[in-house]
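Quick notes on the structure that follows.
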Amino acid sequence: MNAYLPPKSLPKIMRRISWCLIAAATLAEFPLSAAIAPVDLGQAVDFRVLAGSGITNTGATTIIGDVGSLPTSTISGFGPGIIIGTNHGGDAITLAAKGDLLTAYNDGAGRLPTITYGPIHIFATETLAPGIYNDPSSFGLTGALTLDGGGDPNAIFIFQAGSTLISDPGSSVILQNGAQAGNVFWLVGSSATLGVNSSLSGTIIAVTSITLNTGATLDGRALALNGAVTLDSNPISFTPLAPGVPGAPTHWLGATDGSWTVVGNWASDLAGTPALVIPSLADNLTFSATGAANQSTTLGADFTINTLTINDPTAVTIAGANTLTLAGDPGLTVNTGAGLLTISSGLAFTGAAPTVTVNNTAGAVFSGAVTSAGSLIKAGTGTLFISGTTNVTGPANINAGTLNIATGGTFTATGTTTVAAGSTVSVTGDLVSPTINVLLGANLTGAGTITGDVNNFGTVNPGSTVGTLTINGGYTQGATGLLPTELVVTPHNNDKLLISGPANLDGTLLITTAGGLRPNLGDSFNIIHAASVAGLFATEINPFVGPGTLIKLVVVYTPTDVFVNAVQNTFENALSLIPLTPNQTATAGALDSALTDVRQAAVLNYLNNININAVPHELDRIAPEELTAIYSISFAQLDTEILTVQQRLSSIRNAGWGHTYYPGGGKEVILGAGGGQLSPAMSSSDVSFRFFANATGQYASLGNTTNANGFDVQSVGSTIGGDVRLDEHWVLGATLGYARSTSDLTEGGRLSADGMRAAVYAMYISGAFYTEAMVGGSFNSYDTRRAALGGMAQGSTNSTSFDTYVGTGYDIYVNQWTFTPVASLRYTVVNIDSFQETGSLQPLSFGSQNQDSMRSRIGMRVAYNTLCGAARVSPSLGLQWQHEYLNNELAMTSQFANGAGNPFTVHGPKIGRDSAIVTAGINVAWSRYAVYMAYQAELFRTNYDSHTMIVGFRVAW
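Structure below.
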């Protein structure tokens, strides 16, 4: 209940009487309990004065104990002041003590009060029993406050002041009937001030500052969290806790040797004042006193004490064949900054809630026989190592830090073992408990043996590195549970749960691989073996699930086992995150169609073991799109042949049927009506035969596209032919040619061809109008060499083509000029014989196939005819627009040469459909002879250009 403030109109003495009556009523309603635990100061216990922003002294202050301040480490006025202890300034011990002090304040200030007063409670001359006293505002001391322990040396008094603590000059705190300064705690929300010549007993923990005015005496500690401590001629000491025996031991001294049975090895305070007796039941022991030696200790007899605290930064060992019994709570505490604690003697915990608190980095080791009655709690952020045998009668709670059951160690609890959030149990020895509950945020790991049922709501991580965790019992993984398993590729190994009972699965499976290495195709990892397996992992975190890998890991469940198997992923899935070209997609599809074919083992092994980002390039190597150059060579050769025929027939028209115009040739030159026009004079009786021969050269280039690599084609050849004028309208002729063609392919590949081509042609002339046509064919023999998967693939094949051409025009004569509108259509189909490659990991087989092309041209040709001595010179220039109607992205279909998989089709570089054709030529003719030269360029076609040159002569008779 809450007390109420009496009316302010009452006299002061009446108000005080009222408060006493209220307090008495409160005490009657709420009986005080002697079971209040002291406030654990941690490493702040040895400090008499501890501040946050410095310590300032005036006058002859004497402090028996340690001092320190942090973050402001200024400590001044000592000289004349005296410190009988260690001035830590702002060192690491001070830092640790400040951290523990904050914890202590939060603990003490946060406890449920026994009595709550109204604002600003004044303690006058009165007596209080043990309890927790709270005022949300402030406490004041005006007279003699007596704290009566009721004969209990462990009686606890806690005062919680929301704001301030102020003692009047001359006021005092008196301890009687077992009350001790070490069991009195003043928790002050702001500042504490002790009046002139006042005296106070107990530990003051103030959030802000503490001020001791002139002559104020403190039997306890002045500990300020954030502010300063100000002193003025103050005696500050601390009467150690004792069970009523003067000189009781509190600290290990080790002055004689390491034996616990020697009185001289014990001190009654931190300063090292010799104790008068050896430890007994009620003693709270601390290692060590200032300047202690012989931290390697031996019991020499069975000892029972209350609690044991380890602060010593050096290693401490407690050995011997006897048993140390800790009868109080928390039992054993190893504070931050302490060295390694090793207890190889027997150790027994008999308190109401036995607790082992380990906060140091080095940890604590129990290597002997340990027993704990009722339960055992592991607290603190450090590690408790069990290398001997520990037996707990009742439950075990691992609330913080790590419990490490080492190889050869055994930890047995007859009740449930609970691993709380933020804590870890590592088992390389044996853990025996009917039920082990791993809570959310907790971790159970190791490669030892657990006897009992494991319920995983946190993390169960088998193996210290990689290994098997044996569970002689059942295993249940809840929805929040996580099972990490690490797979080792070489040598083949993995984490495993070996469970004698049933396994019930849920939650998450986390798969990792040592070094991030991907397992090999066919690897199988047995991660769980149990008497039975029920359920599935709801979530699988898998680094090689695909997309992104050609070998994926799949989780396989059987009635008694869980496996992680490395299986072949499809190329479609593995590469789905990488943009692929159509050719790469087609090749990947062919590989997918042969995934289970043993004939593909070497290919898959190669592709599986390269970086996934390099696979698309290897697909390009498998794809034979560069062999579409076979078609390009034939198409280019056709253009050369048609150009030869066109130039031949054009020279016939421009030259007036060869020698007709030339003096002495049997025909006259007829001038047109304009007086300057040359026009042919033809007679049906004028039958002439002509023979011609020329050399040809051609260069064509197809550029790269996103889908295919480009290539160049070079051809050189020769053509012979002859024609005859049948009458004034008809000319009939034939050609025969040879060409050597090569194409430089990507990555050192090469295509070479030797071919023959033949054609017949005809021209019909009627006045200024003419029509010309050609029908022909070719045969080419090819040798192919291309950069393929894992090497060069080579092959040879033949091709044939059927070619047709028809063109027309109308000659318009203007003086010596001839203007001819022209139009033409050409069609060719190229057939490739079937063939098979050799070499590389994935040579291909090609069935017979074909590609065709149909192109039209329309434009204008201009020629000029002039006499130069006995020679007739006819230069010409033509400009045409060409359009492709059929394929502008040539295709090649193939299949793996080993017979695996389905055929697939890829395409060469895509080129434009429209282009400009520029043709320039010159013909120099005498009566029976002529020489000629022509150049033709195909320009402005997207991703394609070509250049053709013809040089030849003809003879007529």
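So the sequence shown is numbered by the numbering used here: it starts at 147 and just counts up by one. For every residue, glycine included, the Cβ atom is placed at its ideal position computed from N, Cα and C.
Residue i, DSSP secondary structure in three states
i	result
alanine 660	helix
glutamate 1084	strand
glutamate 918	strand
phenylalanine 683	coil
phenylalanine 781	helix
serine 670	strand
histidine 234	coil
proline 420	strand
aspartate 737	The sequence shown places leucine at residue 737, not aspartate. Leucine 737 falls in the helix class under three-state DSSP.
proline 728	helix
glutamate 772	helix
arginine 1059	coil
valine 480	strand
glutamine 746	helix
aspartate 1116	The question about residue 1116 has no answer, for the chain in this structure spans 147 to 1103.
glycine 254	helix
glycine 245	helix
serine 426	coil
valine 213	strand
Close beta carbons around residue i, own chain, < 6 Å, minus the five adjacent residues each side
i	result
glycine 843	Val862 and Met1095
asparagine 601	Asn583 and Thr622
tryptophan 1103	Phe835
Strand pairing of residue i, partner residues [DSSP]
i	result
lysine 642	Thr614
phenylalanine 331	Ile304 and Thr349
histidine 1093	Tyr845 and Ala1083
asparagine 650	Thr622 and Ala680
glutamine 714	Ile697
glycine 499	Strictly speaking, residue 499 in this sequence is alanine, with glycine absent from that position. Paired residue(s): none; alanine 499 is not in a bridge.
tryptophan 963	Val960 and Tyr1010
histidine 1053	Ala1037
tyrosine 910	Trp876 and Thr917
leucine 723	According to DSSP, leucine 723 bridges with nothing at all.
phenylalanine 433	Ile456
histidine 763	For histidine 763, which the question treats as bridged, DSSP gives no partner whatsoever.
tyrosine 928	Ala899 and Thr943
Through-space distance from residue j to residue i, alpha-carbon basis
i	j	result
aspartate 832	serine 945	Note that aspartate 832 scores a pLDDT of 48, beneath 50, so its modelled location is shaky and nothing firm can be said.
arginine 645	glycine 620	It is isoleucine, not arginine, that sits at residue 645 in the sequence shown. Answer to the nearest angstrom: the Cα atoms are 7 Å apart.
alanine 899	asparagine 926	6 Å
glycine 492	glycine 575	19 Å
aspartate 957	threonine 727	50 Å
glycine 820	valine 859	Because glycine 820 carries a pLDDT of 35, less than 50, the predicted location of this residue cannot be relied on, and the following value inherits that uncertainty. Distance between the alpha carbons of glycine 820 and valine 859 is about 49 Å.
asparagine 755	aspartate 1091	41 Å
lysine 642	alanine 546	26 Å
serine 379	threonine 357	12 Å
methionine 1079	threonine 733	46 Å
serine 999	arginine 836	32 Å
arginine 879	arginine 871	The sequence shown places glycine at residue 879, not arginine. Going from the Cα of glycine 879 to the Cα of arginine 871 covers about 9 Å.
phenylalanine 981	glutamate 787	28 Å
asparagine 506	glycine 223	34 Å
arginine 1100	alanine 841	12 Å
histidine 1093	alanine 1009	21 Å
histidine 675	isoleucine 724	38 Å
histidine 1029	asparagine 961	33 Å
threonine 443	glycine 474	21 Å
Beta-carbon contacts of residue i that lie in its chain and below 7 Å, excluding the five residues immediately before and after
i	result
glycine 692	Lys698, Asn715, Asn719 and Ala720
asparagine 757	none
glutamate 771	Asn729, Ala854, Met1038, Val1052, His1053 and Gly1054
phenylalanine 1086	Ser1061 and Ala1062
glycine 466	Thr444, Leu445, Gly446 and Ser491
Contacting residues, own chain, Cβ-Cβ under 8 Å from residue i (five flanking each side not counted)
i	result
aspartate 237	Gly214
Examine the Cβ distances between the region 241 to 251 and the region 357 to 377 and report whether three or more of them are shorter than 8 Å.
yes
### Query
Counting Cβ pairs closer than 8 Å, one from the region 322 to 335 and one from the region 299 to 308, do we hit at least three?
With a cut-off of 8 Å, the region 299 to 308 and the region 322 to 335 count as touching, because enough Cβ pairs lie within range.
message: If contact is defined by three or more beta carbon pairs under 8 Å, each pair taking one atom from either stretch, is the region 254 to 272 in contact with the region 236 to 246?
response: no
Could you check whether the region 916 to 924 touches the region 887 to 897, counting it as contact only if at least three pairs of C-beta atoms, one from each stretch, sit closer than 8 Å? no
- prompt: How do the region 507 to 522 and the region 564 to 574 stand: do at least 3 beta-carbon pairs fall below 8 Å, yes or no?
  reply: no
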